[in-house]
Amino acid sequence: LVPSSKDVTQASSGNPKLKGSPNEEYYMVTFVSGIEYWKGCYKGMKAAADLYGVKAIYTGAPQFDVNQEVTVLRQVIAKKPAGILVTCANPDALKAPIDEAIKKGIPVITFDADSPKSSRYSVLETGNYNAGAMAARYLGKLLGGKGEVGISTVAAQLNHEQRKQGFIDTLKKEFPGIKVVAIVNDENDQTKAARQISAMLQAHPNIKGIFCTDALGGVGAATAIKEANKVGKVKIISFDTDKGTLDLIKQGIIDASIAQGTWNMGFWGMTFLFYLKHGIVNPVDNWQKFGINPLPPYVDTGTMVVTKQNVDAFYKVNVIK
Amino acid sequence: MKSSTDNELLRLHGITKIFPGTVALSDVSFAVNKAEIHAIVGENGAGKSTLMNIISGSLIPDKGEIYLEGRKVNIKSPRDAQNLGISIVHQELALCPHLTVAENIYIGRLPKNSAKIVDFKKLNQMSQEVLSLFDEVNIKPNDKVANLNVAQQQIVEIAKAITFNCKLLILDEPTSALSEADAAVLFKIIKDLKAKGISILYISHRLREIFELADRITVLRDGRYITTLNAAETNPDQVVSLMVGREIKEMYPPKAEKIGKEIFKVENINSDKVYNVSFSLREGEILGFAGLVGSGRTELAQTICGILPRNSGEIYLDGKRIEINSFEDAIKQKIGYVTEDRKQYGLFLKLPVAYNVSAIHLKHDYKRLLIDKNHELSLADEYVKKLNVKTSSYLQLVMSLSGGNQQKVMIAKWLAIHPRILILDEPTRGIDVGAKAEIHNLLRELAKSGIGIILISSELPEIIGMCDRVLVMREGRITGELAGEKITEENIMQLAAHK
Amino acid sequence: MSNTISNASANKSLLKKLMGFREITLIFIIIVISVIISILSPNFLTAENLITTALGLAADGILAIGMTIVLVSGGVDLSVGSVLGLSAVIAGGLYLSYGVNIWIGSLIALVICALIGLFNGYFIARIGIPPLIVTLAMMGIARGAAYVLTQGSPLSLYGNLKGFDFLGQGKIAGIPFFIVFFVILIILFDFLMRKSAPMRLVYYVGSNENAAKLSGINVPKVKISVYVLMSVLAGIAGIFTLSRFSVAAPTAGNGSELNAISACVIGGASLAGGEGTVLGAILGTILVGIINNALVLLNVSVYWQNLVSGVILIAAVTIDYLTHQKKS
Amino acid sequence: MSNTISNASANKSLLKKLMGFREITLIFIIIVISVIISILSPNFLTAENLITTALGLAADGILAIGMTIVLVSGGVDLSVGSVLGLSAVIAGGLYLSYGVNIWIGSLIALVICALIGLFNGYFIARIGIPPLIVTLAMMGIARGAAYVLTQGSPLSLYGNLKGFDFLGQGKIAGIPFFIVFFVILIILFDFLMRKSAPMRLVYYVGSNENAAKLSGINVPKVKISVYVLMSVLAGIAGIFTLSRFSVAAPTAGNGSELNAISACVIGGASLAGGEGTVLGAILGTILVGIINNALVLLNVSVYWQNLVSGVILIAAVTIDYLTHQKKS
Ligand SMILES: Nc1ncnc2c1ncn2[C@@H]1O[C@H](COP(=O)(O)OP(=O)(O)OP(=O)(O)O)[C@@H](O)[C@H]1O
Ligand SMILES: Nc1ncnc2c1ncn2[C@@H]1O[C@H](COP(=O)(O)OP(=O)(O)OP(=O)(O)O)[C@@H](O)[C@H]1O
Ligand SMILES: [Mg+2]
Ligand SMILES: [Mg+2]
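So the sequences go chain by chain: A, B, C and D.
Going by the working numbering, the first sequence runs without a break in its numbering and finishes at 321.
Going by the working numbering, the second sequence runs without a break in its numbering and finishes at 1499.
Going by the working numbering, the third sequence runs without a break in its numbering and finishes at 2328.
Going by the working numbering, the fourth sequence runs without a break in its numbering and finishes at 3328.
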């Protein structure tokens, strides 16, 4: 499906058009910039940047804050980079700076969280909603279509809200026998998650499954379940592929985790930017003049379910270098 | 120099201390003998406290040396001073309000076992021992300091200082908040300490005390050493003239010549601590309130002014009944109250002199939205001159004024609104003789000009010298009224004493 | 002493007068850091970057103005960030769900903010609960109200409101109106804090509450006004944020309280009350803002950003304190 | 005055003496809330739920113990949450990357925490920078160091360290060791704060720094010790968190500083210093903890939780204050 980077390297070494300059700077801009999740994206972006001999730089806003992200993005735009890969804390709030960048001739592509009304060339995402749906389907099958489940999420953070909503809607549609009886807010913190999930297990002793929309929620859920002596009796579906989650899958405490195609977002996003910048994609002549989008506007980067069977394949996905 | 060094405990040589804008001490040299009570006198801002702070290690001199028992010592911190056997009661109280009396007395020296666990039983015992010296005042080792009044806090400070095993005890205006009875107890303690061979450096603006206690008197003026006199060989007038640099007599202004109509009247004031108080005040007179500490004078004044809640009672100004439900109401009627506790309740220590002087004026007289800086400064100028406040600029923080000058700023704050009735609670606390005379004259002037003056004072000479009429209080009640010739110490004490 | 107090202040040269300003070192530090950044990154001193950075600061800066007043009064307000968010959510929500005119909606939002301030002030000044707890509870309540009203999802006004957009997106002579408004607020409040009689009362209250009471100042009234003013300013910041992004996120302003408080304290305010100036608070905001900007401009790794900005902050403040140190 | 004050205190009955405790109303409030919850939700008063609730509180509770001491000294420490995180990351990182024995790694982590405390204390006590700024900067630095060390990824020790696991996962007589340890810490520090001479120095310093200085107490030394102690306690909480979860996230402890401070203030500590007890801080922690627990037990929607817990908090504290009110 995906060409290995070795294939592409051969192609580029053969073709000078695929060689950029080391002064060419491409930026990846995110919100909550410290977290593990973006590392997979950056790893993919960097792989592509190395391939083309250009520079990939990762920066972002430390918090989930629209003002912070817009400020950082605008500051990046002020540096006139070769291209920007951005994920949007809020779709509408980022429209203006994205449009501005494009007006200035800086190609912008969104990933993971889109700004659909903006003029970005393309978006690469799974859709957080779809990822939640996938978790619902896996858990639904695991529970045989019936029982009580709970959700641990980060309230009011858009990507988490979407994962939650996808999960709930899908259960309702496809597994009507499964009831979501509790939703808690773990604020992306393992200690809080453990505390909230413990209380949830007390309030609903019949809970058979828990879906965590963030990895640290999964770690907290695992601990809460251990402390309540319910390992095996409560299934956990977590999110992402940090080592803690993978270890817990290996141990059989977490049953599965949803992995999004983060590497692909970064790799193809970077590739799109490079191709745009270097005028390589030309589906129609003078597309700029006629306002025709030369790129596929939407790329589904896929979702994977990490389980005990395939967990070993994921240990290196977020490790850069 | 002159005296033999065997008998000498402390020698100061060329002590100089300069603050921004002020030379607080310049080349001060003198000696204190062993087992003597050595008084330091001087006007407000003469540098007395600064000098004491230097000896006790809380200030470092810019120049000069200190010799203790003939050896040069280097005092860099309060701890150094303590280790050398120097202990001090600061002019400004420095207690820990959240802690108990006992813990404050033994601050930094709590009795403890080998595991450093405090022996509270012993602590209370030890504290009780010192406190029982002051049994009049009724302080328990376990009382929280925040709940004590100023006099009681002053006693705690004194108790703290005398529990140190010291060679030199410094007392910086220890009696300014004390009643005569408590002061008498203190004097006895001081004399006992002297008998044990301890030297005492004693600062006070009450010359009577000085002449009762002191062996020698050192006079400071404008930060300079003037002279040291043997108490037996001098007299108050000479000391005052040395302090002030000119002749003045410690004399009260003549009493009222004519007393006019009634201008202020309260009837049946009742509160939690004041019972059935009625009195009236007439134009031109100064009405005094006397009583022991805790007799309820402060409570009464604060109840009248609406600062403390009133259960019942009526107040009349110029014959008309007025409603006072809050202090603001009182101020609107131009009734002012000068508090006895300048640090806690009287001043904005971290703000400049000018801001303090204008505080009430701005809120109650100056109806404009924006403050005219020149107006504010000229107001400060007017009262700084009138009360002779020693300050390097109107923007100097009140915190850095000498104690007496702080007191003057507090009075200025009230004079600035031209009050109709002014209640002054211990107004001359910590004020030097010269300034005191000035304030006394000022109060008399104000009374003459028709302003009603109510003077609460624990200093009987002041009450006797100033007031045309005196009301004596005991346990929240007025126990008697004295006027004219009847105003004597014996009569007041008789009405004030516990029955 | 030769009491020649009078003209002491008049004699001061302009330089000395300037040096006396608590804020002058902070200005120097900001200039020095700016020079260093602009040497390292030519992008720093571009109009675009400066305007962007200023825009990013404006909302926090408005909070810092209010927080100065709160700190001077001897209090603190942790609820400002969530009040900002709630204000945006109310104005946006009324418009979207009930078709209320956005200007009227904004006004209603500000009234609700004022009520929040009244509530804070009442519990602090009349009941006597520590400001930290009252406003911490209010932080939860206001944030919670924003969550409840939006059910966790941001409200979007996109593309609807030309006139209202001007607040956050319009420009006057090329300069964003939000910045113009922000600068006017700074000048206004700096002036008022220095010159106006009501604001002086705030200094009195914060400097010594007891003395203020015994000077006939209605201390509870002053305090309540301070919290109302703070909440209204937070509400205004929320309305501008709504207009700027056309989005009312229930999480908007999260953590802003700490930014605002630290900006004020860097600028010389004290948690003990009685001290602080608007100018200082704004300089504190700017210092933090340019440090953050530098991290982006100099491509500091996201993992290093917290560490580097912490180190720069402590270094800057230490220099400021060492040059201002009065007593040993 | 009819001086019959003397035996007033001796006459107090035990009940009255208890009522005198600042903490007693808080205990009542906690009991009342607990009763209400257990009526509404039969699961609340099960041993299991209480133990898991206590486990959830233990880390924050340890921070609250230290924070009490800091607040009593007149300071504040915003860095505790990130020091907790850093401590876990250092111990875990040394083990994972360099194969350092986990106990030795933990010890090294605690030493680094002590150095952090020393740094905080030095800048606060010797240079005189306000605690809020120093510890805010340190909050950034420690959190930043955790990010740098982990490059943003949580470290996982899973399934490796039987002995070390005992700290956070082991049980003594059916009770988790973490809780046993926490209770011992509470008793120990409550005792020390009330009785030990060095801890009493902290009260002196916080109550009136100037008085403490004038009485020969080495104020900077006391303050520095306080911050070192605080950081070490935060470090210990981090080690226990690592052991409990087998995971060290660089974000661990995020926001805990505010929880700890508010728990202390609810329990009677004041930001102005001189006041506060360990027991009060723990009761404050418990109050907040059971409110949170109740919200989940009673199925309160996540969007409502902030709002409801804010309202309960202000209600509880108001009752506490009204019953304690001394002056009008
Ligand atoms: N920290 C300071 N900064 C500036 N000036 C100061 C400071 N402390 C004292 N001064 C000034 O030094 C002078 C001497 O003050 P000091 O307190 O020693 O006077 P004093 O003799 O004790 O007066 P009082 O009888 O009123 O207590 C005063 O003019 C005072 O304003
Ligand atoms: N507004 C206030 N709030 C609390 N305490 C106050 C207030 N004003 C004064 N006090 C304190 O209450 C104490 C008791 O005052 P009270 O009226 O009983 O004594 P008094 O008769 O005025 O005696 P004296 O003035 O001689 O000490 C005062 O000394 C003062 O320290
Ligand atoms: Mg003095
Ligand atoms: Mg009195």
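Positions of the beta carbon are idealized from the N, C-alpha and C atoms, including for glycine.
**Request:** Please go through the same chain and pick out, in chain order, the residues whose beta-carbon is closer than 7 Å to the beta-carbon of W1414 of chain B, but skip the five residues on each side of it.
**Result:** So the qualifying residues of the chain are G1336, V1338, I1360, L1422.
**Asked** Should the segment 142 to 157 of chain A be regarded as contacting the segment 269 to 286 of chain A, the criterion being three or more beta carbon pairs within less than 8 Å?
**Response** No, the segment 142 to 157 of chain A does not touch the segment 269 to 286 of chain A.
**Prompt:** Quick one: what does DSSP say R1221 of chain B is sitting in, helix, strand or coil?
**Reply:** R1221 of chain B sits in a strand when the DSSP states are folded into three classes.
**Prompt:** Hey, is L2040 of chain C's beta-carbon within less than 8 Å of any beta-carbon in chain D?
**Reply:** Cβ-Cβ to chain D under 8 Å: no for L2040 of chain C.
**Closest by C-alpha distance to S1449 of chain B, when choosing among B:G1430, B:K1258, B:R1474, B:R1310** = Of B:G1430, B:K1258, B:R1474, B:R1310, the smallest CA-CA separation from S1449 of chain B is found for B:K1258.
**Message:** I'd like to know if R2984 of chain D contacts chain B, where contact means its C-beta is closer than 8 Å to some C-beta of that chain.
**Reply:** Only positions 3001 to 3328 of chain D appear in the structure, and residue 2984 of chain D is not among them; the question remains open.
**Prompt:** If you measure from each residue's Cβ to the nearest non-hydrogen atom of ligand 4, which ones come out under 5 Å, in chain order?
**Reply:** Counting only heavy atoms of ligand 4, the residues whose C-beta sits closer than 5 Å to one of them are, along the chain, B:T1298, B:E1340.
**Item:** Touch test, the segment 3197 to 3215 of chain D against the segment 3049 to 3062 of chain D, Cβ-Cβ under 8 Å, three pairs minimum
**Value:** Output reads no: the segment 3049 to 3062 of chain D does not touch the segment 3197 to 3215 of chain D.
**Prompt:** Does any residue of chain C bring its CB to less than 8 Å from the CB of T87 of chain A?
**Reply:** Not one chain C Cβ lies under 8 Å of T87 of chain A.
**Item:** Distance, M1493 of chain B Cα to V3288 of chain D Cα
**Value:** Take the alpha-carbon of V3288 of chain D and the one of M1493 of chain B: they are about 58 Å apart.
**Asked** Is there a Cβ from chain C that is less than 8 Å from the Cβ of D186 of chain A?
**Response** Chain C, which has no Cβ nearer than 8 Å to the Cβ of D186 of chain A, makes this no.
**Message:** I need the boundaries of the alpha helix (DSSP H) containing V2222 of chain C, first residue and last residue.
**Reply:** In the DSSP assignment, V2222 of chain C falls within the alpha helix (DSSP H) that extends over 2219 to 2245.
**Prompt:** Hey, would you say the C-beta of S1400 of chain B is under 7 Å away from at least one heavy atom of ligand 3?
**Reply:** No - ligand 3 has no heavy atom lying nearer than 7 Å to the Cβ of S1400 of chain B.
**Message:** For L1169 of chain B and S1087 of chain B, what's the separation of their Cα atoms in angstroms?
**Reply:** Straight across, the Cα-Cα distance linking L1169 of chain B with S1087 of chain B is about 5 Å.
**Request:** Please name the residue or residues paired with V212 of chain A in a DSSP beta bridge.
**Result:** It should be noted that the sequence gives Cys, not Val, for residue 212 of chain A. Answer by DSSP bridge pairing, in chain order: A:S152.
**Asked** How far does the alpha helix (DSSP H) with Y1067 of chain B in it reach, from first residue to last?
**Response** Y1067 of chain B: not part of any alpha helix (DSSP H); member of the beta strand (DSSP E) spanning 1063 to 1068, first to last residue.
**Request:** May I ask which residues mark the beginning and end of the beta strand (DSSP E) holding Q1091 of chain B?
**Result:** Note, Q1091 of chain B: premise wrong, no beta strand (DSSP E); not H, not E.
**Prompt:** How should A89 of chain A be labelled, buried or exposed, when 16 other C-beta atoms within 10 angstroms of its C-beta is the threshold for buried?
**Reply:** Under this definition A89 of chain A is a buried residue.
**Request:** Identify whether E3048 of chain D lies in helix, strand or coil by the three-state DSSP scheme.
**Result:** Shown here, E3048 of chain D sits in a helix according to DSSP, grouped into three states.
**Asked** What is the DSSP secondary structure of P3176 of chain D, counted as helix, strand or coil?
**Response** In the displayed model, P3176 of chain D falls within a strand according to three-state DSSP.
**Request:** Assign G2310 of chain C to buried or exposed, taking buried as 16 or more other Cβ atoms, counted over all protein chains shown, within 10 Å of its Cβ.
**Result:** G2310 of chain C comes out buried.
**Item:** Y3095 of chain D at chain A interface by Cβ criterion, 8 Å
**Value:** So, not an interface residue.
**Helix, strand or coil at Q260 of chain A [DSSP, three-state]** = Three-state DSSP puts Q260 of chain A in a strand.
**Request:** Mark V2111 of chain C as exposed unless 16 or more other C-beta atoms lie within 10 angstroms of its C-beta, in which case mark it buried.
**Result:** Counting Cβ neighbours within 10 Å, V2111 of chain C comes out exposed, since fewer than 16 surround it.
**Prompt:** Nearest to Q409 of chain A by alpha carbon, out of D:G3216, D:R3143, D:L3297?
**Reply:** A question about residue 409 of chain A goes unanswered here, because the residues of chain A that appear run from 1 up to 321.
**Asked** Beta-carbon of Y3227 of chain D versus every beta-carbon of chain C: anything under 8 Å?
**Response** Chain C contact via Cβ: absent.
**N-terminal and C-terminal residue of the alpha helix (DSSP H) that H1440 of chain B is part of** = Start and end: 1433 to 1448.
**Request:** Below 8 Å on the Cβ atoms is my guess for T1228 of chain B versus F1030 of chain B; work out the distance and round it to an integer in Å.
**Result:** With a Cβ gap of about 5 Å, T1228 of chain B and F1030 of chain B count as contacting.
**Item:** F1030 of chain B CB to nearest heavy atom of ligand 1 below 7 Å
**Value:** Not so, every heavy atom of ligand 1 lies at least 7 Å from the Cβ.
**Request:** Work out the CA separation of M1243 of chain B and L1220 of chain B for me, nearest whole Å.
**Result:** As the crow flies, the alpha-carbon of L1220 of chain B is around 7 Å from that of M1243 of chain B.
**Asked** So which residues of chain D does N2306 of chain C contact, with C-beta pairs closer than 9 Å?
**Response** Simply S3082, M3139, G3140, I3141, A3142, R3143, G3144, A3145, A3146, Y3147, V3148.
**Message:** Would you say Y3321 of chain D lies against chain B (beta-carbon separation less than 8 Å)?
**Reply:** It does not; no Cβ of chain B falls within 8 Å.
**Request:** Could you tell me the distance, in whole angstroms, from the CA atom of C1096 of chain B to the CA atom of A3211 of chain D?
**Result:** Straight through space, the alpha carbons of A3211 of chain D and C1096 of chain B are spaced by roughly 7 Å.
**Request:** Determine the chain B residues that contact R2126 of chain C at a beta-carbon separation under 9 Å, and present them in chain order.
**Result:** Neighbours of R2126 of chain C on chain B: none; closest Cβ ~14 Å, over 9 Å.
**Asked** Does the beta-carbon distance from I2141 of chain C to P2131 of chain C come in below 8 Å?
**Response** When the beta-carbon positions are compared, I2141 of chain C and P2131 of chain C stay at least 8 Å from each other.
**Request:** With distances taken Cα to Cα, identify the nearest neighbour of T73 of chain A among A:T301, A:T110, A:G218.
**Result:** The question names Thr, but residue 73 of chain A is Leu in the sequence shown. Closest option to L73 of chain A, judged by alpha-carbon separation, among A:T301, A:T110, A:G218: A:T110.
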